[in-house]
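J.: Structure provided below as structure tokens; questions to follow.
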Amino acid sequence: MSYTKKYTFAPLPYTVRGESIKLEADPKGKTFAYTNGKSVFMRDLENPSFATEYVGHKAQTTVARYSPSGYYMASGDAHGNVRMWDTVNEEHILKNECRPISGKIKDIAWDSESKRLIAVGEGKESFGHAFTLDSLSSVGEITGHSKVINSVSIRQQRPFRAVTASDDMTVAFFNGVPFKYAKTIRDHTRFVHTVQFSPNGDFFASAGADGKIFLYDGKTGDKIDELTTGEDSHKGSVFALAWSPDSTQLLSSSADCTAKIWDINGKAVVNTFDINSAVSAVDNQQVGNLWKGDYLITASLSGEFSYLDKNSGKVSRHIDGHSKAITALTVSEDDTLFTGSYDGRVFGWKYGAEGDHTKAERIEGEGHGNQVTSLAFKQNELLSVAMDDTVRQASNDNFKFSGKIATTGSLPSSITVSENKTTVVATNESVIAYDDKLEKIGQLEKPGFAPSVADISPDGKTVYVGGQDNKVRVYELSNGNFTEAGELSKNLGNITALAVHPEENLIAVGDSVGKIFIYDTESKETKIQSWVFHTSRITSLDWSKCGQFLVSGSIDTNIYVWNRDKPFKKVAIKNAHVDAVNSVHFLSNASGLSIASVGQDAAVRVWDVAF
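In terms of UniProt numbering, the sequence shown opens at residue 1 and continues consecutively.
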């Protein structure tokens, strides 16, 4: 009885309009890091499908920076905490932690010896602090600003220097160590979003909301020139800068939906990359970037990554995915995963075909405008319901919404489909049945209780409706008519999840107090009442293809795999997702027991389970 975390398919970074995000590559050029939710994600540069996650923060993470040695990561969060932790071991052991400022950490910089750090951001008494890794003792004062500091960079050669960029439209220059305020630079006319020292320490550059990029001497802080004087300059805010390894070129990312490569000596644009992959023009704003070896990556406001080919001047590939909590999951017969999220996006993941190269592919066409609450799949068709009160249909062949839309009239909470493609949707007011063309064939109106979830038998003849009164009603569905045929009433909490057994007369029922009962659908009596180890609301249940195993997910962050033949044996996957597990599903074609799960951390995970 064991489990293995096989894959973590990471979300995109969390973004806020008008703010930059920080991308960071490790010194060896193998992985890059960013933040989403309360997690730090580290993804492989060559194959971003490989990812690991750090979950030590209790508040929303905002920035993560590798130490120059590569052995440590410093990550900050919205409460002003900075945690320094080990990157080598899978456990990510904590080295040290502190709270250098009282508000959100916006950026962190390491010195070249991996001994000293500067953390900056929002604060009351100060906007930044310089300290050592081991003892956390102060190594200078970060002063000279009157508003939030957005960015910090430390010169990687002696004599050390540091620069900070702020919403007060200035750049502050510091001598070190200890870091002492030297001067204020007032070349920008709007918020300054980023400052970056060149790898050789000869220069540093700053960029901001005025669309300008300035170049300075790395030792003295004296201005050398402005890069953005030509007609091919950026037409919007510049959010991020990244230097080439040889310090001769600079990559900039802007709100004008472009990224540009600048030649420092010629002070001219070498390449301009137009990013237009997102549906909304606003989502194409470029808010973060990195340059590591041959990898040039820019990040959009949507969170999407674009890999840039500096030779051709074109985008070589896009990395898409979710950036908000994933709220729904279903799996096709060929183990394609379909996921829907809080912001209404639906993606397909061809896990069965692509394995460790699985990537998110957007379901194109007119999709949902609000949170996706449930997904179902049958015979090459995906069905989805969302808080926009619609049911939509998409094809597994072309990953496109068909245009077929049915309205539910009230808030839908679940969708299920039988083998003969009868679809049943539970809303907070009624239960609706549709045929395979999404034409309404029947409706259970004003049932006398508040429905919360529904499931349908494989033959499409029996519908089970869970209510907020702790009961499951059983209905016979014939010619669109719902005829009540009994109830299941042993649960002690609101019914939140149902799973009809694929072959036998059994149904699994999960409730709001974390209990799972197995009922005989003929006698309406309970067969198993001992699956009570979740501590909070059950969000999802699914039977294995063979019908022997049941998987459950809960907002207690845990996943359990239960064995019907051995009711007291279970596999517990603790802390499977940060904050909550929103949906779980068995995979069809795995050699053993494999499970896909999604959660509040916007990640998709695949687990192998052995009994």
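Where a beta carbon is used, it is the ideal one built from N, C-alpha and C, also for glycine.
Predicted model, so just to flag it, every value in this text is computed and none were measured.
1) Sort Leu444, Asn47, Asp210 and Phe179 by Cα distance to alanine 109 and report the nearest one.
2) Glycine 321: which of Phe9, Phe32, Gly448 and Glu46 sits nearest, CA to CA?
3) Using 10 angstroms around the beta-carbon of aspartate 294, count the other beta-carbons present and answer buried if the total reaches 16, otherwise exposed.
4) Run through DSSP, which three-state label would histidine 585 get?
5) Who are the Cβ neighbours of glycine 123 in its own chain at under 7 angstroms, not counting the five residues just before and after it?
6) Should the region 530-539 be regarded as contacting the region 445-458, the criterion being three or more beta carbon pairs within less than 8 angstroms?
7) Go to serine 353, then tell me how far its alpha helix (DSSP H) extends in each direction, as first and last residue.
8) State the Cα-Cα distance for the pair serine 112 and asparagine 200, rounded to the nearest angstrom.
9) Spatial neighbours of alanine 25 within its chain, please: C-beta separation below 6 angstroms, excluding the five flanking residues on both sides.
10) Assuming asparagine 589 contacts glycine 352 under a Cβ cut-off of 8 angstroms, what Cβ separation, rounded to an integer in Å, is found between them?
11) For aspartate 283, which three-state DSSP category applies?
12) Using three-state DSSP, classify histidine 357 as helix, strand or coil.
13) Mapping the DSSP letters down to three states, classify tyrosine 181 as helix, strand or coil.
14) Is isoleucine 275 near alanine 259, with beta carbons less than 8 angstroms apart?
15) Could you give the distance in angstroms between the alpha-carbon of methionine 1 and the alpha-carbon of glutamate 46?
16) Rounding to the nearest angstrom, what Cα-Cα distance links leucine 296 and aspartate 202 in this structure?
17) Can you tell me the Cα-Cα spacing of glutamate 366 and tyrosine 216, whole angstroms?
18) Please work out which residues of its chain come closer than 7 angstroms, Cβ to Cβ, to threonine 371, disregarding the five sequence neighbours upstream and downstream, and give them in chain order.
19) Check whether chain D comes within 8 angstroms of leucine 12, counting only Cβ atoms and requiring the distance to be less than that.
20) With DSSP as the reference, label alanine 499 as helix, strand or coil.
21) Please report the Cβ distance between alanine 182 and glutamine 196, rounded to the nearest whole angstrom; I am assuming they are in contact, meaning their Cβ atoms lie under 8 angstroms.
22) So, are the CB atoms of isoleucine 495 and alanine 508 less than 8 angstroms apart?
23) Might you give, ordered along the chain, the residues of its own chain that have their beta carbon closer than 6 angstroms to the beta carbon of threonine 330, omitting 5 neighbours on each side?
24) In whole angstroms, what separates the C-alpha of alanine 281 from that of leucine 477?
25) Note down, in chain order, each residue of its chain lying with its Cβ closer than 6 angstroms to the Cβ of valine 177, except the 5 sequence neighbours on either side.
26) Are the region 497-513 and the region 480-487 touching, with three or more C-beta to C-beta distances below 8 angstroms?
27) Do you know offhand how far alanine 426's Cα is from tyrosine 434's?
28) If you reduce the DSSP assignment to three classes, tell me which class tyrosine 14 lands in.
29) Have a look at phenylalanine 50 and glutamate 333 and give me their C-alpha separation to the nearest angstrom.
30) Confirm the yes/no value for this check: CB of isoleucine 518, any heavy atom of the ligand NAD, distance under 7 angstroms.
31) Can you look up valine 385 in the DSSP assignment and give me helix, strand or coil?
32) Would you tell me roughly how many angstroms separate the C-alpha atoms of serine 402 and lysine 421, rounded to the nearest one?
33) So for threonine 248, helix, strand or coil by DSSP?
34) Roughly how far, in whole angstroms, is the beta-carbon of asparagine 491 from the beta-carbon of serine 540, given that I think they are within contact range, below 8 angstroms?
35) Looking at C-alpha atoms only, which residue of Asn563, Thr557, Ile555 and Ser536 is the closest neighbour of phenylalanine 549?
36) Classify alanine 268 as buried or exposed, calling it buried when 16 or more other Cβ atoms lie within 10 Å of its own Cβ.
T.: Taking the definition as stated:
1) Locating residue 109 in the sequence shown gives position 109, counting from the first residue. Ranking the options by Cα distance to alanine 109, first place goes to Phe179.
2) Working through the sequence shown from its first residue, we reach residue 321 at position 321. The candidate whose alpha carbon is nearest that of glycine 321 is Phe9.
3) Here residue 294 corresponds to residue number 294 of the sequence shown, with the count starting at 1. Per the 10 Å Cβ criterion, exposed.
4) Position 585 of the sequence shown holds residue 585. Residue state, collapsed to three classes: strand.
5) As a working mapping, residue 123 is identified with position 123 in the sequence shown. These residues qualify, in order along the chain: Ile101, Ser102 and Gly103.
6) no
7) Counting from 1 along the sequence shown, the entry for residue 353 is found at position 353. Before going on, a small fix: residue 353 reads as alanine here, not serine. Looking at the DSSP string, the run of the alpha helix (DSSP H) that includes alanine 353 is 351-354.
8) As a working note, residue 112 is residue 112 in the sequence shown. As a working note, residue 200 is residue 200 in the sequence shown. Roughly 11 angstroms between the two C-alpha positions.
9) Here the question's residue 25 lines up with position 25 in the sequence shown. Closer than 6 angstroms at Cβ, skipping near neighbours: Phe32, Leu290 and Lys292.
10) As a first step, residue 589 is located in the sequence shown; it is residue number 589 there, counting from the start. As a first step, residue 352 is located in the sequence shown; it is residue number 352 there, counting from the start. 6 angstroms between Cβ atoms; contact.
11) In the sequence shown, the residue the question calls residue 283 occupies position 283. Three-state result, aspartate 283: helix.
12) As a position in the sequence shown, residue 357 is number 357, starting the count at 1. Helix, per DSSP.
13) Taking the first residue of the sequence shown as position 1, residue 181 is located at position 181. Looking at tyrosine 181 - three-state DSSP - the assignment turns out to be strand.
14) As a working note, residue 275 is residue 275 in the sequence shown. As a working note, residue 259 is residue 259 in the sequence shown. In this structure, isoleucine 275 sits near alanine 259, with a CB-CB distance shorter than 8 angstroms.
15) Position 1 of the sequence shown holds residue 1. Position 46 of the sequence shown holds residue 46. Answer to the nearest angstrom: the Cα atoms are 34 angstroms apart.
16) Here residue 296 refers to the residue found at position 296 of the sequence shown. Here residue 202 refers to the residue found at position 202 of the sequence shown. Using only the alpha carbons, I get a separation of about 22 angstroms.
17) In the sequence shown, counting from the first residue as 1, residue 366 sits at position 366. In the sequence shown, counting from the first residue as 1, residue 216 sits at position 216. Spanning the two alpha carbons is a distance of roughly 48 angstroms.
18) Counting from one through the sequence shown, the residue named residue 371 turns up at place 371. A quick correction: the sequence has glutamine, not threonine, at residue 371. Close CB contacts of glutamine 371 within its chain, under the 7 angstroms cut and outside five residues either way in sequence, are with Thr327, Tyr342, Gly344, Ala386 and Met387 (chain order).
19) Although the question refers to chain D, the structure presented lacks it and comprises just one protein chain.
20) Numbered from 1 along the sequence shown, position 499 holds the residue referred to as residue 499. Note: alanine 499 maps to strand in three-state DSSP.
21) Along the sequence shown, one-based indexing puts residue 182 at 182. Along the sequence shown, one-based indexing puts residue 196 at 196. Not confirmed; about 18 angstroms, so no contact.
22) Working through the sequence shown from its first residue, we reach residue 495 at position 495. Working through the sequence shown from its first residue, we reach residue 508 at position 508. In this structure, the beta-carbon distance from isoleucine 495 to alanine 508 does not fall below 8 angstroms.
23) Translated into the one-based positions of the sequence shown, residue 330 becomes position 330. Excluding residues within five positions, the ones whose Cβ falls inside 6 angstroms are Phe338, Leu375, Ala376 and Phe377.
24) Taking the first residue of the sequence shown as 1, we reach residue 281 at position 281. Taking the first residue of the sequence shown as 1, we reach residue 477 at position 477. Straight-line Cα distance between these residues: approximately 46 angstroms.
25) Translated into the one-based positions of the sequence shown, residue 177 becomes position 177. Once the five neighbours on either side are set aside, the close Cβ partners of valine 177 are Val139 and Phe160.
26) Taking 8 angstroms as the limit for Cβ pairs, the verdict is that the region 480-487 does not touch the region 497-513.
27) Residue mapping note: residue 426 aligns to position 426 of the sequence shown, counting from 1. Residue mapping note: residue 434 aligns to position 434 of the sequence shown, counting from 1. Taking the straight line joining both Cα atoms gives about 12 angstroms.
28) As a first step, residue 14 must be located in the sequence shown, where it is residue number 14. Of the three classes helix, strand and coil, the one that applies to tyrosine 14 here is coil, per DSSP.
29) Sequence index remark: in the sequence shown, residue 50 carries index 50 (1-based). Sequence index remark: in the sequence shown, residue 333 carries index 333 (1-based). Straight-line Cα distance between these residues: approximately 24 angstroms.
30) Looking at this structure, you won't find the ligand NAD or any other ligand, since it has none at all.
31) As a first step, residue 385 must be located in the sequence shown, where it is residue number 385. Strand at valine 385.
32) Position 402 of the sequence shown, counted from the start, is the residue given in the question as residue 402. Position 421 of the sequence shown, counted from the start, is the residue given in the question as residue 421. If you draw a straight line from the Cα of serine 402 to the Cα of lysine 421, it is about 16 angstroms long.
33) Sequence index remark: in the sequence shown, residue 248 carries index 248 (1-based). Looking at threonine 248 - three-state DSSP - the assignment turns out to be coil, as it is neither helix nor strand.
34) In the sequence shown, counting from the first residue as 1, residue 491 sits at position 491. In the sequence shown, counting from the first residue as 1, residue 540 sits at position 540. Between serine 540 and asparagine 491 the Cβ distance is about 16 angstroms, and since that is not below 8 angstroms, they are no contact.
35) Your numbering for residue 549 matches position 549 in the sequence shown. Checking every option, the nearest Cα to that of phenylalanine 549 belongs to Asn563.
36) Along the sequence shown, read from residue 1 onward, the residue named residue 268 stands at position 268. Exposed: under 16 other Cβ atoms inside 10 Å.
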